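Comments concern the structure below.
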Amino acid sequence: MAQKDWEEVQKIIENKSPGFLEKFLTSDEIFLPNNSLPNSFNVDRSNFSASDLGKDKPGQWIPVYYLKDISEYFRENNIVPVRAGPAEFFFYKGVVFFDLESIVFENIDTEKIAPIESYIPVTLKAKFQRNENAYLNKAVALGYINHFVDDGELSVFEKEIETGNRKRLLYGQFGKIKLTDPLQFKTTIGSKTVNPGFQFEIDLVLENKDEIIIFEAKTGGRPFKNFSLLQLYYPLIYLRSIIKEPKPIRTIFIDITTVNDSETYRLLEVRFNNDMFDEVEVSAACEYKHRTE
Numbered sequence: 001m002a003q004k005d006w007e008e009v010q011k012i013i014e015n016k017s018p019g020f021l022e023k024f025l026t027s028d029e030i031f032l033p034n035n036s037l038p039n040s041f042n043v044d045r046s047n048f049s050a051s052d053l054g055k056d057k058p059g060q061w062i063p064v065y066y067l068k069d070i071s072e073y074f075r076e077n078n079i080v081p082v083r084a085g086p087a088e089f090f091f092y093k094g095v096v097f098f099d100l101e102s103i104v105f106e107n108i109d110t111e112k113i114a115p116i117e118s119y120i121p122v123t124l125k126a127k128f129q130r131n132e133n134a135y136l137n138k139a140v141a142l143g144y145i146n147h148f149v150d151d152g153e154l155s156v157f158e159k160e161i162e163t164g165n166r167k168r169l170l171y172g173q174f175g176k177i178k179l180t181d182p183l184q185f186k187t188t189i190g191s192k193t194v195n196p197g198f199q200f201e202i203d204l205v206l207e208n209k210d211e212i213i214i215f216e217a218k219t220g221g222r223p224f225k226n227f228s229l230l231q232l233y234y235p236l237i238y239l240r241s242i243i244k245e246p247k248p249i250r251t252i253f254i255d256i257t258t259v260n261d262s263e264t265y266r267l268l269e270v271r272f273n274n275d276m277f278d279e280v281e282v283s284a285a286c287e288y289k290h291r292t293e
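Heads up: the sequence shown at position 225 corresponds to 225 in UniProt numbering, and the numbers run straight through without jumps.
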């Protein structure tokens, strides 16, 4: 369980540098390591790494997908580890998990929304695959996504990029992305570098003539209480780095709940003002209910 791993990380850090975390808590800094409190395991690294801490299997504990994954100490002090490279992380003092329970979603009458027959994929015509990508396809086919973004002319985002000596076609549901160039995790107070080799996923990207829209989804048997804003922020700063034209990019989270013969799609659009992680505004929030036959 990741929570126990982060408890161990806390002990490793404190054993190496007693009082290190407490100094961070009482400082005005929002990142750790920082210039005042450098990485005591490796002064040449701006991030902590699993190898420097002597912990193996970083893929099982460094990615923090749920608030419950981190230890009580970090939760109580509003400190969240943020992945920033291959088996690397830094601590961020601020809000990473967005509280979905604080949002009032507008209930939409789905009977007035016409399905998009031309978009219905094979996964919906055959035996339905119950995964996030399939449900995202279904949300498009049912017309919910077009209704939410107020645009009937959406298409799948498509772009060819170069990664080293190879070319890759990014098309709609990107899957895993591996950075070849660094990105900047920016806040109004300062920034941190996300190093090459870092991997993350993008669920779905659509576009129209004026803008690009990123969708990240979670599915489950009950509504999610919160989600990590990093799910939207990593894709945002990545797309910003590969798209040269100043085309606006929107970011939308979809909480998909399935119970017996009913599905609920809760769509939440948030805006990162000037691509700052700590400048988040809610643009819209709607709930769509669908009964399966």
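We put the CB at the ideal spot given by N, CA and C, even for glycine. Note that this is a predicted model, so its numbers are computed, not measured.
Integer-rounded CB distance, given that residue j should sit under 8 Å from residue i
| i | j | result |
| --- | --- | --- |
| T187 | D278 | 4 Å |
| I237 | D203 | Going by Cβ atoms, the distance from I237 to D203 rounds to 16 Å, so no, they are not a contact pair. |
| I177 | E207 | 17 Å between Cβ atoms; not a contact. |
| V9 | L53 | 6 Å |
| I62 | R83 | 6 Å |
| L239 | E216 | Incorrect: roughly 12 Å between the Cβ atoms, too far for contact. |
Endpoints, alpha helix (DSSP H) assigned at residue i
| i | result |
| --- | --- |
| S241 | L230 to I242 |
| S51 | A50 to L53 |
| residue 358 | As shown, the chain starts at 1 and ends at 293. That puts residue 358 outside it, with no answer to give. |
DSSP state of residue i mapped onto helix, strand, coil
| i | result |
| --- | --- |
| L206 | strand |
| A134 | helix |
| T258 | strand |
| F89 | strand |
| P81 | strand |
| G94 | coil |
| A114 | coil |
| N198 | According to the sequence provided, residue 198 is Phe. The question's Asn does not apply to it. In this structure, F198 counts as coil in the three-state DSSP scheme. |
| G190 | coil |
| R222 | coil |
| K68 | helix |
| V43 | coil |
| K16 | helix |
| L32 | strand |
| I177 | strand |
| L268 | strand |
| V9 | helix |
Residue range of the unbroken beta strand (DSSP E) whose run includes residue i
| i | result |
| --- | --- |
| D99 | F97 to D99 |
| E287 | V280 to R291 |
| E106 | E106 to I108 |
| L183 | L183 to K186 |
Is the stretch 234-254 in contact with the stretch 68-81, if contact means three or more CB pairs nearer than 8 Å?
Not touching, per the Cβ criterion.
Measuring CB atoms only, is the stretch 92-100 touching the stretch 204-222, in the sense that at least three cross pairs come out at less than 8 Å?
For the pair of segments examined, the stretch 92-100 was found not to touch the stretch 204-222: the number of CB pairs separated by less than 8 Å stays below three.
Can at least three beta-carbon pairs, one atom from the stretch 256-276 and one from the stretch 98-117, be found at a separation below 8 Å?
With a cut-off of 8 Å, the stretch 98-117 and the stretch 256-276 count as touching, because enough Cβ pairs lie within range.
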